[in-house]
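Participant: I'd like to ask some things about the structure below.
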Amino acid sequence: MTTTSSAPGKVYLFGEHAVVYGEPAVPCAIERRATVTVSERDDDHLRVSADALSLDGFTVEYSDGSDQEPDVNVPTPLVEAATGYVDEAVAQARDAADSPHTGFDVEIESEIPLGAGLGSSAAVAVAGIDAATRELGVELDAREVADRAYQVEYEVQDGQASRADTFCSAMGGAVRVEGDDCTTLDAPDLPFVVGYDGTSHDTGELVAGVRSLREEFGFAADTVAAIGDLVREGERALAAGDVETLGRLMDVNHGLLSALGVSARSLETMVWAARESGALGAKLTGAGGGGSVVALDAEDCVETALGLTPDCEESFRAALATEGVRQA
Ligand code: MEV
């Protein structure tokens, strides 16, 4: 048998990084999906092939406990990251189906590059768990998939993960996450524009950097708390459909993230290109260090301006994905 599931990527309207310390965050799922196809094998091996996680695809086959180096033409850290999420997703599916030694062929196709701040790892984990459990005859509800996908991120990111990315990808739409409290929100289809600089970054390392800054300096802890206050303001603006205030708060959120050391020259260039071409607001999205910015603009100007920015590899309009994980 073969089973395919897909799950959306996301942008953060507000609150990345601070959410790791119990502050609220509002991520929004976007119509760029990761699709995972699995087939049960008759041995205990895993064979993972991926397309579009980076510029080149790769295929790697291994069995449990193997330390064999994959023979691939993409950077090893990327392959390790991708296979790390798949390994843990398969472990969760085996556990859910009480089938500890099942092997799988796993094929990943992603419209979202890995490590770009657009939630590809969460989408791969969510879609992978959904597909592998269905393949084994078990149907989990979206909240349970989210919960298990969170365990995946927690393992791969060395305990430094919030529930935000995985809950958003599993449920779709706009969501609010504060600690273990995860809810879906009513939201208008916000006019998101994304700019991506073509680079990938390790979320775990970026989260660790903020953690040590926060431990060393009181101002960094205050900055994290200020992001929490900003998110609460942002929730009121979202409920009121006040897109102008949302934009202003996005600008401030970006400044606070810069203060925490997770911006990058390419992100600053893209944020300013978006603002100067008329965005209502612009900020980095996700873990930062490079990767992607998100802006609000109902016209075409920001998408065009980002496309002309040398640091921007790709710009696109991103509609809110109302559907979370689904059978593809
Ligand atoms: C990464 O997409 C978002 C972070 O807040 C980490 C997390 O919430 O797990 C930086």
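So for the sequence shown, the numbering used here puts the first residue at 710; every next one is plus one. Positions of the beta carbon are idealized from the N, C-alpha and C atoms, including for glycine.
1) For LEU1029, I'd like the list of residues in its chain whose CB is within less than 6 Å of its CB, leaving aside the five on either flank, ordered along the chain.
2) To test your reading of the DSSP string, which unbroken alpha helix (DSSP H) runs of 4 or more residues are found completely within the region 886 to 949?
3) With a Cβ-Cβ cutoff of 8 Å, do THR712 and ALA832 count as a contact?
4) So does GLU862 have its beta carbon nearer than 7 Å to some heavy atom of ligand 2?
5) If I follow the unbroken beta strand (DSSP E) through ARG742, where does it start and stop?
6) Mind checking ARG885: buried by the 16 CB within 10 Å criterion, or exposed?
7) Using a 10 Å radius around the Cβ and a threshold of 16 neighbouring Cβ atoms, would you call GLY846 buried or exposed?
8) Can you list, in chain order, the residues of its chain whose CB lies under 7 Å from that of ALA825, leaving out five sequence neighbours each side?
9) By DSSP's criteria, GLN1036 is part of a beta bridge. Which residues make up the other side?
10) So the alpha helix (DSSP H) ALA873 belongs to, where does it begin and stop?
11) Tell me the residue span of the beta strand (DSSP E) that contains GLY990.
12) Quick check on the burial criterion: 16 or more other C-beta atoms within 10 angstroms. Buried or exposed for THR892?
13) Does ALA949 pass the burial test, meaning 16 or more other C-beta atoms within 10 Å, or should it be called exposed?
14) Between GLU977, VAL854 and LEU976, which lies nearest to ALA800 when the distance is taken from Cα to Cα?
15) Please report the Cβ distance between HIS1005 and MET959, rounded to the nearest whole angstrom; I am assuming they are in contact, meaning their Cβ atoms lie under 8 Å.
16) Considering only residues of the same chain and omitting the five flanking positions on each side of LEU762, which have a CB-CB separation below 6 Å?
17) Decide if ARG872 is buried, meaning its Cβ has at least 16 other Cβ atoms within 10 Å, or exposed.
18) Taking 7 Å as the cut-off, is the C-beta of VAL731 nearer than that to any heavy atom in ligand 1?
19) Which partner residues does ARG1026 have in the DSSP bridge list?
20) Looking at the unbroken alpha helix (DSSP H) that takes in VAL835, where does it start and where does it end?
21) Which residues in the same chain as ARG941 place their Cβ atom closer than 7 Å to its Cβ, once the five residues preceding and following it in sequence are excluded?
22) Out of SER975, ASP951, GLU1012 and GLU862, which has the shortest C-alpha to C-alpha gap to LEU993?
23) Can the beta-carbon of PHE901 be found closer than 8 Å to that of VAL720?
24) Roughly how far, in whole angstroms, is the beta-carbon of PHE813 from the beta-carbon of SER748, given that I think they are within contact range, below 8 Å?
25) Look at the alpha carbon of ASP889 and the alpha carbon of ASP804, and state the distance between them as a whole number of angstroms.
26) So is the beta-carbon of GLU725 under 7 Å away from any non-hydrogen atom of ligand 1?
Facilitator: Looking at the coordinates:
1) CYS737 and ASP898
2) Counting only runs of 4 or more, we get 912 to 925 and 927 to 949.
3) no
4) Ligand 2 is not part of this structure, which contains only ligand 1.
5) 735 to 749
6) buried
7) Exposed is the label assigned to GLY846, since fewer than 16 other Cβ atoms lie within 10 Å of its Cβ.
8) TYR905, SER909, GLY1000 and SER1001
9) SER714
10) 873 to 880
11) It spans 990 to 994 - the beta strand (DSSP E) in which GLY990 sits, taken as one unbroken run.
12) exposed
13) Counting the other Cβ atoms within 10 Å of the Cβ of ALA949 gives fewer than 16, which makes it exposed.
14) VAL854
15) This sequence places Leu at residue 1005; His is not what is there. Confirmed, about 7 Å.
16) Low confidence applies here, because LEU762 scores a pLDDT of 48, under 50, leaving its location unreliable and the question unanswered by this model.
17) buried
18) At residue 731 the sequence reads Gly, which differs from the Val that was named. Not so, every heavy atom of ligand 1 lies at least 7 Å from the Cβ.
19) VAL902
20) 829 to 844
21) When the five nearest sequence neighbours on each side are left out, the beta carbons in the same chain lying within less than 7 Å of the beta carbon of ARG941 are those of PRO733, in order along the chain.
22) Out of SER975, ASP951, GLU1012 and GLU862, the CA that lies nearest to the CA of LEU993 is found in SER975.
23) yes
24) 7 Å
25) Looking at the two C-alpha atoms, the distance is approximately 22 Å.
26) yes
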